[in-house]
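Trainee:
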Amino acid sequence: MYKKVIVILGGSVDPSFVKEVLDDAGKPFIIAADKGLEVLYKLSVMPDIILGDFDSVDNSILEEYKSEILTRFSPVKDFTDGEAAVDKAIEVVLSRGDQNESDIPESSVVILGATGSRLDHVLANISLLKKAVDAGVRAEIVDRNNKIRIFNNFDSIKVFKNNGKKYLSLMPLGDKVTGLTLSGFKYGATDADLYQGSSLAISNEITSDYGMISFKDGYLIVMETDD
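For the sequence shown, our numbering gives the first residue as 306, with consecutive numbering after it.
1. If we call anything under 8 angstroms between Cβ atoms a contact, is T530 one with N450?
2. Is the beta carbon of H426 sitting closer than 8 angstroms to the one on T483?
3. Please state whether DSSP places A389 in a helix, a strand or coil.
4. Just to confirm, is the Cβ distance from V310 to L342 under 8 angstroms?
5. So, at 6 angstroms on beta carbons, what are the nonlocal neighbours of A444 in its own chain, with the 5 sequence-adjacent residues on each side left out?
6. Going by beta carbon distance, what residues of the same chain come within less than 6 angstroms of R454, once the five residues before and after it are set aside?
7. Quick check for students: name the residue ranges of the alpha helix (DSSP H) that lie wholly in the region 390-475, counting only runs of 4 or more.
8. Count the other CB atoms within 10 Å of the CB of T420; is the residue buried (16 or more) or exposed (fewer)?
9. Tell me the rounded alpha-carbon separation between S292 and E368.
10. Report the option in G479, L314 and V397 whose CA atom is closest to the CA atom of F359.
11. Throw me the rounded Cβ distance for the Y524 and G479 pair, which I believe falls under 8 angstroms.
12. With H, G and I counted as helix, E and B as strand and the rest as coil, what does DSSP make of G341?
13. Could you check whether G316 and R423 sit closer than 8 angstroms to each other, using their CB atoms as the reference points?
14. Should D339 be labelled buried (16 or more other beta-carbon atoms within 10 Å of its own) or exposed?
Next up, the structure:
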């Protein structure tokens, strides 16, 4: 049976927004990374997996949870707690075999707490979406004002106007995205190339019920944003 995997990292996170996402997901599989555990504790929500080096979570909160759902890493490591959590989420989805079901339009993995004041972690977390893409798993980063996804050679991406986000911005992950075509947007495009270092596709707006995005090659970051 399909269940979303919700990943909660240690960045800026609004507990009320987390509750909204969890309620909307029904009964998701929940992974908490380090300080991300604290918001679940405040909401009295039990995660399925807790992992991290636990250098930032309140130890008194950590002690409230059973050791069998804990995976502890050394603080001296060559990956972030966020990467470990996303890797585990991908593993969970792949083990179920539901990542490619055509009747599931939403992302299988929803990542919370991935944005905030630490821009190094924000950029690293966005790049982690590429791991999910390469594994064939739908994943997204969300907060109250943003929804971030990455696509690779996707035939067509439909983005609806009534999703609560005013703007849509596109950026390549890598040197360029080729053959970009946009319809239903304020600023359209036909078979255009989008290069790293260009702000060409920032702050577009949907003018129809939905906008359509297609491209031929590359990794495309799709950001739905609001003020």
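Think of the CB as a built atom: it goes at the ideal place given N, C-alpha and C, for glycine as much as any other residue.
Mentor: In this structure, then:
1. Within the sequence shown, numbered from 1, the residue matching residue 530 stands at position 225. Within the sequence shown, numbered from 1, the residue matching residue 450 stands at position 145. Result yes, Cβ atoms of T530 and N450 sit closer than 8 angstroms.
2. The count along the sequence shown starts at 1 and reaches residue 426 at position 121. The count along the sequence shown starts at 1 and reaches residue 483 at position 178. Against a cut-off of 8 angstroms, the Cβ pair of T483 and H426 comes out as no contact.
3. What you label residue 389 is simply residue 84 of the sequence shown in a count that begins at 1. Correct three-state label for A389: helix.
4. As a working mapping, residue 310 is identified with position 5 in the sequence shown. As a working mapping, residue 342 is identified with position 37 in the sequence shown. Cβ atoms of V310 and L342: not closer than 8 angstroms.
5. Your numbering for residue 444 matches position 139 in the sequence shown. Here the set comprises S412, V414, L434 and A437.
6. In the sequence shown, the residue the question calls residue 454 occupies position 149. Hits under 6 angstroms: E445 and V527.
7. 424-440
8. Within the sequence shown, the letter at position 115 stands for residue 420. Buried.
9. Outside the displayed range of the chain (306 to 532) lies residue 292, so it cannot be described from this structure.
10. As a first step, residue 359 must be located in the sequence shown, where it is residue number 54. Nearest of G479, L314 and V397 to F359, Cα basis: L314.
11. As a first step, residue 524 is located in the sequence shown; it is residue number 219 there, counting from the start. As a first step, residue 479 is located in the sequence shown; it is residue number 174 there, counting from the start. Between G479 and Y524 the Cβ distance is about 6 angstroms, and since that is below 8 angstroms, they are a contact.
12. If you number the sequence shown from 1, residue 341 lands on position 36. Reduced to three states, the DSSP call for G341 is helix.
13. As a first step, residue 423 must be located in the sequence shown, where it is residue number 118. As a first step, residue 316 must be located in the sequence shown, where it is residue number 11. For R423 and G316, yes; Cβs fall inside 8 angstroms.
14. Start at 1 with the first residue of the sequence shown, and residue 339 comes out as number 34. Flag for D339 reads buried.
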